[in-house]
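In full-length UniProt numbering, the protein residues as written are 1 to 285. Reviewing the structure listed below.
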């Protein structure tokens, strides 16, 4: 069931968000509404497409991969089923009475750490309402009998109630700085970039589907590939092969756009001539 969520102004200027395409940003916001009260949902591109883009011809799989590449989403597997999680959601998108969900959390995961029960999954199902009231997050008038936030008149809030406005948002300032979950977190085939890493043979065609037009195959030069390897190999990060391909495509697009801009500026400077000196030298009058 879709839920009402909030987005703070800091979201629009976050560095990770602005690096994503517009479609990926819109999808990310849409996932707030359709994730459960822990920020998790099933990794089903077709279902997500029908929820967020019901009237558009959009493939959500590349967008999901893009959000994972920029660490705005994480993925995990439980009993062979793949799920997505919005980092920091449980910590910053406070819900007064979280509804139960059939979607499991990553094994051994809690928002504040694997051994900290402060925000553990078990505690989230039935948080003490008194603690929320004393912290100023909610008032009696902002909680309906069904556990839904209201404006005090048993209707959906219109953003005017000061108690509702004080609820922390999923896009708080440190929303995107949530650490990777600990414990038995499945990497589901993720790999690091090594000195022998290569994109797929149809990399240029796939990049075009992601909005990066790189020309004929392979779409990159040996120097560009080596530069990408040299940057990411020391980092030691692990991602799916397709996520690395997306990161490589985005890097190529940005580098080439910068090179093109620099050449235009250089060409413009070279064609500027100084004004002629009309002064007649002595002896030529």
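Using N, Cα and C, we set each Cβ at its ideal position, and we do this for glycine too. On a predicted model such as this, the values are computed, not experimentally measured, just so you know.
For residue 41, three-class secondary structure by DSSP: On the chain shown, residue 41 is found 41 positions in, with the first residue counted as 1. Correct three-state label for residue 41: strand.
Alpha-carbon to alpha-carbon, residue 62 and residue 192: For this step, residue 192 is matched to residue 192 along the chain shown. For this step, residue 62 is matched to residue 62 along the chain shown. Cα to Cα, residue 192 sits roughly 20 Å from residue 62.
Through-space distance from residue 281 to residue 254, alpha-carbon basis: As a first step, residue 254 must be located in the chain shown, where it is residue number 254. As a first step, residue 281 must be located in the chain shown, where it is residue number 281. Roughly 52 Å between the two C-alpha positions.
DSSP-derived helix/strand/coil call for residue 82: Position 82 of the chain shown holds residue 82. Residue state, collapsed to three classes: strand.
Contact between the region 97-108 and the region 243-260 (3+ Cβ pairs under 8 Å): Flag = no, the region 97-108 and the region 243-260 do not touch.
Among 261, 95, 35, 220, the one whose alpha carbon lies nearest that of residue 2: Reading the chain shown from its first residue, position 2 is the one you call residue 2. For the residues 261, 95, 35, 220, the minimum Cα distance to residue 2 belongs to 35.
Beta carbon of residue 83 nearer than 8 Å to that of residue 42: Locating residue 83 in the chain shown gives position 83, where the first residue counts as 1. Locating residue 42 in the chain shown gives position 42, where the first residue counts as 1. Closer than 8 Å, so yes.
CB contact flag (residue 66, residue 21, <8 Å): Taking the chain shown and counting its residues from 1, one reaches residue 66 at position 66. Taking the chain shown and counting its residues from 1, one reaches residue 21 at position 21. Contact: yes.
Straight-line gap, residue 200 to residue 236 (C-alpha atoms, nearest Å): Numbered from 1 along the chain shown, position 200 holds the residue referred to as residue 200. Numbered from 1 along the chain shown, position 236 holds the residue referred to as residue 236. Their backbone Cα atoms lie some 21 Å apart in a straight line.
Bridge-paired residues (DSSP) for residue 74: On the chain shown, residue 74 is found 74 positions in, with the first residue counted as 1. Answer is 85, bridged to residue 74.
Of the listed residues 259, 211, 243, nearest to residue 324 (C-alpha basis): Since the first and last residues shown for the chain are 1 and 285, residue 324 lies out of range.
Contact belief for residue 229 with residue 195 at Cβ below 8 Å, rounded distance in angstroms: On the chain shown, position 229 is the one that residue 229 refers to. On the chain shown, position 195 is the one that residue 195 refers to. So it is a contact: roughly 6 Å between Cβ atoms.
Whole-number beta carbon distance between residue 68 and residue 39, since they are thought to touch under 8 Å: Sequence index remark: in the chain shown, residue 39 carries index 39 (1-based). Sequence index remark: in the chain shown, residue 68 carries index 68 (1-based). Contact flag wrong, Cβ pair sits at about 14 Å.
Bounding residues of the alpha helix (DSSP H) (the contiguous stretch that carries residue 16): Walking along the chain shown from the start, residue 16 turns up at place 16. Taken as a continuous stretch (DSSP letters only), the alpha helix (DSSP H) holding residue 16 covers 15-18.
Exposure of residue 111, with buried meaning 16 or more beta-carbon neighbours within 10 Å: The residue given as residue 111 occupies position 111 in the chain shown. Bear in mind that a pLDDT of 49 at residue 111, under 50, signals an unreliable position, so the number given afterwards is only what the model happens to contain. Answer is buried; the Cβ neighbour count reaches 16.
Assigned exposure category for residue 266 - 16 Cβ within 10 Å defines buried: What you label residue 266 is simply residue 266 of the chain shown in a count that begins at 1. So residue 266 ends up on the exposed side.
Option in 210, 212, 197 with minimal Cα separation from residue 231: By one-based count along the chain shown, residue 231 stands at place 231. That would be 197, whose Cα lies nearest to the Cα of residue 231.
Paired residues, beta bridge with residue 191 - DSSP: Within the chain shown, numbered from 1, the residue matching residue 191 stands at position 191. Beta-bridge pairing links residue 191 to 239.
Within 8 Å, strictly: CB atoms of residue 16 and residue 71: In the chain shown, residue 16 corresponds to position 16, counting from 1. In the chain shown, residue 71 corresponds to position 71, counting from 1. Yes; because the gap between Cβ atoms is below 8 Å, this pair is in contact.
Helix, strand or coil at residue 95 according to DSSP, with G and I counted as helix: Reading the chain shown from its first residue, position 95 is the one you call residue 95. Coil at residue 95, not helix or strand.
Classification of residue 263 by the beta-carbon crowding that lies within 10 angstroms, buried from 16 upward: Locating residue 263 in the chain shown gives position 263, counting from the first residue. It counts as exposed.
Where residue 105 falls, given that 16 or more other Cβ within 10 Å makes a residue buried: Numbered from its first residue, the chain shown carries residue 105 at position 105. Per the 10 Å Cβ criterion, buried.
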